[in-house]
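Peer 1: Dropping the structure in here first, questions after.
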Amino acid sequence: MNQPPSVAIIGAGMSGLSAASLLRETGLNVTLFDKSRGSGGRMSSKRTSAGTFDMGTQYFTARDSAFSATVDAWLAAGWVAVWQPRLFRYDEHGLHPSSDDQRRLVGNPRMTALSRALLADTPLHSSTRIEQLQRDRQQWRLVDTEGESHGPFDQIIVAVPPAQAAPLLRAIGSLSGPAERTSMDPGWAVALGFAQPLNVPFDAVFVRSGPLDWIAREASKPGREATQNWVLQSTPAWAAGHLDDSPEQVIQELTQALAEVLGQRLPDLSFQQAHRWLYARPNETSDWGALAAPDQGLFVCGDWCVGGRLEGAWLSGQQAAKALLERL
Ligand SMILES: Cc1cc2nc3c(=O)[nH]c(=O)nc-3n(C[C@H](O)[C@H](O)[C@H](O)COP(=O)(O)OP(=O)(O)OC[C@H]3O[C@@H](n4cnc5c(N)ncnc54)[C@H](O)[C@@H]3O)c2cc1C
């Protein structure tokens, strides 16, 4: 009996997982590779001694009808839940309520619960950074930074941010242009645990002045532990000017900015940690969908191909998988 085609996907963030789910459903043999210890990419949750913090994606929305239908299935499976924060905005008029009727979703009980569920039993080579793609007799081999060669695979999908996709694609002279032209903004995220509750009337704030961009209370999200944990995220511009600051400096400056937004002295901290995202979000919106060199069995996807959000990553992964299936 003929073997189903084998597909390697480099990157187990939302775009790679989205492609993997669709290809798996159609019976293809899918293997994922990721340089991190697990799946999820920028949809990340950090487990710490003080509890879990969502350090990347804070929540996601669903506008596209296919994505909405998929999200409904995730809701029914309990992989995600609706988050209804008391939302405020901070701008030149100070702090004020800013409610809307947007449906906001989060992984349940943490962001990575969704990536775990999407991964299912797909084989994942974690802590494996792919450094080179080699085409040999109509098939692909992937070489990692330890020099180990994986494969052969009939088709490959590159589902990594543009700065990481560009060198892989440039070396094989295919599809590298869009990745080379796309730049990503950086960001700093800070996890804070307070010894006492913050005395504030909100769960999250869109900050439109100063170094902060976003403030969120972890415990307001469904399924989370009852902690006094908060996440702060910087603006891209502030991060760009503070890329080489130490985590301690960043924690100090962003915590100070939080005190200024709240207009109050903060309780003592029982936990603090900072994470730098060198490639947080694309700095402009593109609409490539996915990139394809079908004759070579090569496809590229990622949030940077569709709009820079979690929904865009899912849509891009679907498009890469569909383009691949069309050419089988
Ligand atoms: C701080 C922050 C806040 C955000 N907030 C939101 C939000 O509130 N709402 C929203 O919708 N979106 C948000 N986003 C964006 C959202 O997280 C992304 O759009 C989405 O997660 C991107 O998925 P992806 O699969 O395209 O890329 P990624 O999640 O980056 O996945 C790529 C994967 O590839 C791996 N990789 C890279 N290079 C290699 C290599 N050479 N070999 C092997 N593996 C490799 C990486 O480890 C990673 O796991 C946020 C992002 C950040 C950073």
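Counted the way numbering that gives the first Met the number 0 counts, the sequence shown spans residues 0 to 327. Where a beta carbon is used, it is the ideal one built from N, C-alpha and C, also for glycine.
(1) Measuring CB to CB, does Ile-8 end up less than 7 Å from Ile-156?
(2) Could you have a look at Pro-177 and say whether DSSP puts it in helix, strand or coil?
(3) Got a sec: does ligand 1 put a non-hydrogen atom nearer than 6 Å to the Cβ of Thr-56?
(4) Within 10 angstroms of the Cβ of Pro-96, are there 16 or more other Cβ atoms? Answer buried if so, exposed if not.
(5) Only counting runs of 3 or more residues, tell me where the beta strand (DSSP E) segments fall wholly within the segment 141–227, in order along the chain.
(6) Tell me, to the nearest whole angstrom, how far the beta carbon of Ala-203 is from that of Arg-223; I am working on the premise that it is less than 8 Å.
(7) Across which residues does DSSP place Tyr-278 in a beta bridge pair?
(8) Please look up how many angstroms separate the CB atoms of Arg-103 and Trp-78, rounded, as I've assumed it's under 8 Å.
(9) Should Thr-25 be labelled buried (16 or more other beta-carbon atoms within 10 Å of its own) or exposed?
(10) Taking only heavy atoms of ligand 1 into account, decide whether any of them is closer than 6 Å to the Cβ of Gly-93.
(11) Straight-line CA distance for Ala-291 to Gly-316?
(12) Any heavy atom of ligand 1 closer than 6 Å to the Cβ of Phe-298?
(13) Using alpha carbons as the reference points, say which of Ile-214, Ala-112 and Phe-270 lies closest to Gly-37.
(14) At which residue ranges does the segment 59–140 contain complete beta strand (DSSP E) runs of 3 or more residues, listed in the order of the chain?
(15) What does DSSP give as the partner residues of Leu-290 in its beta bridges?
(16) Taking the alpha carbon of Gly-93 as the point to measure from, which residue in Ala-61, Val-206 and Thr-181 has its own alpha carbon closest?
(17) In terms of residues, what are the limits of the alpha helix (DSSP H) holding Thr-254?
(18) Which of the three DSSP states, helix, strand or coil, is assigned to Leu-22?
(19) So Tyr-89 packs on Ser-208, CB below 8 Å; how close in whole Å?
(20) Could you tell me which of Trp-229, Pro-210, Leu-211 and Trp-213 sits nearest to Ser-219, measuring between CA atoms?
(21) So, helix, strand or coil for Leu-324, using DSSP?
(22) Would Glu-310 and Ala-72 be called neighbours here (beta carbons separated by less than 7 Å)?
(23) Report the CB separation of Gln-131 from Ala-170 in whole angstroms; it is logged as a contact under 8 Å.
(24) Confirm the yes/no value for this check: CB of Arg-308, any heavy atom of ligand 1, distance under 6 Å.
(25) Using the three-state DSSP reduction, which class does Leu-27 fall into: helix, strand or coil?
(26) Could you give the DSSP three-state label for Ser-17: helix, strand or coil?
(27) Nearest-angstrom Cα distance between Thr-331 and Arg-308?
(28) Could you tell me the alpha carbon to alpha carbon distance between Phe-87 and Asp-302, rounded to whole angstroms?
(29) Go to Gly-50, then tell me how far its beta strand (DSSP E) extends in each direction, as first and last residue.
(30) Any chance the CB of Arg-41 is under 6 Å from a heavy atom of ligand 1?
(31) Where does the unbroken beta strand (DSSP E) through Ala-7 begin, and where does it stop?
(32) Consider the C-beta atom of Pro-177 and the heavy atoms of ligand 1; say whether any pair is separated by less than 6 Å.
(33) Contact check, Ala-188 vs Trp-287 under 8 Å by CB: the rounded distance?
(34) For a test of your reading of the model: does the CB of Pro-84 fall under 6 Å from any non-hydrogen atom of ligand 1? Yes or no.
Peer 2: Reading from the atomic positions:
(1) yes
(2) helix
(3) At least one heavy atom of ligand 1 is nearer than 6 Å to the Cβ of Thr-56, so yes.
(4) exposed
(5) Runs of the beta strand (DSSP E) inside the segment 141–227: 148–152, 154–157, 183–193, 203–206 and 211–216.
(6) Between Ala-203 and Arg-223 a beta carbon distance of about 13 Å is seen, past the 8 Å cut, so the two are scored as non-contacting.
(7) Tyr-278 is not bridged to any residue.
(8) At roughly 15 Å, the Cβ-Cβ gap does not stay under 8 Å, so Arg-103 and Trp-78 are not in contact.
(9) That one is exposed.
(10) no
(11) 12 Å
(12) Not one heavy atom of ligand 1 sits closer than 6 Å to the Cβ of Phe-298.
(13) Ala-112
(14) 79–82, 86–90, 93–96, 103–106 and 129–135
(15) Within the DSSP bridge table, the entry for Leu-290 names Val-299 as partners.
(16) Val-206
(17) For Thr-254, the enclosing alpha helix (DSSP H) begins and ends at 246–261.
(18) helix
(19) 6 Å
(20) Ranking Trp-229, Pro-210, Leu-211 and Trp-213 by Cα distance to Ser-219 puts Trp-229 first.
(21) helix
(22) It is not a contact, given that the beta carbons lie outside the stated cut-off.
(23) 7 Å
(24) yes
(25) coil
(26) helix
(27) This structure cannot speak to residue 331, because the chain is shown only from 0 to 327.
(28) Distance between the alpha carbons of Phe-87 and Asp-302 is about 27 Å.
(29) 50–53
(30) yes
(31) 5–9
(32) no
(33) Actually they do not touch by this definition, with Cβ atoms about 27 Å apart.
(34) no
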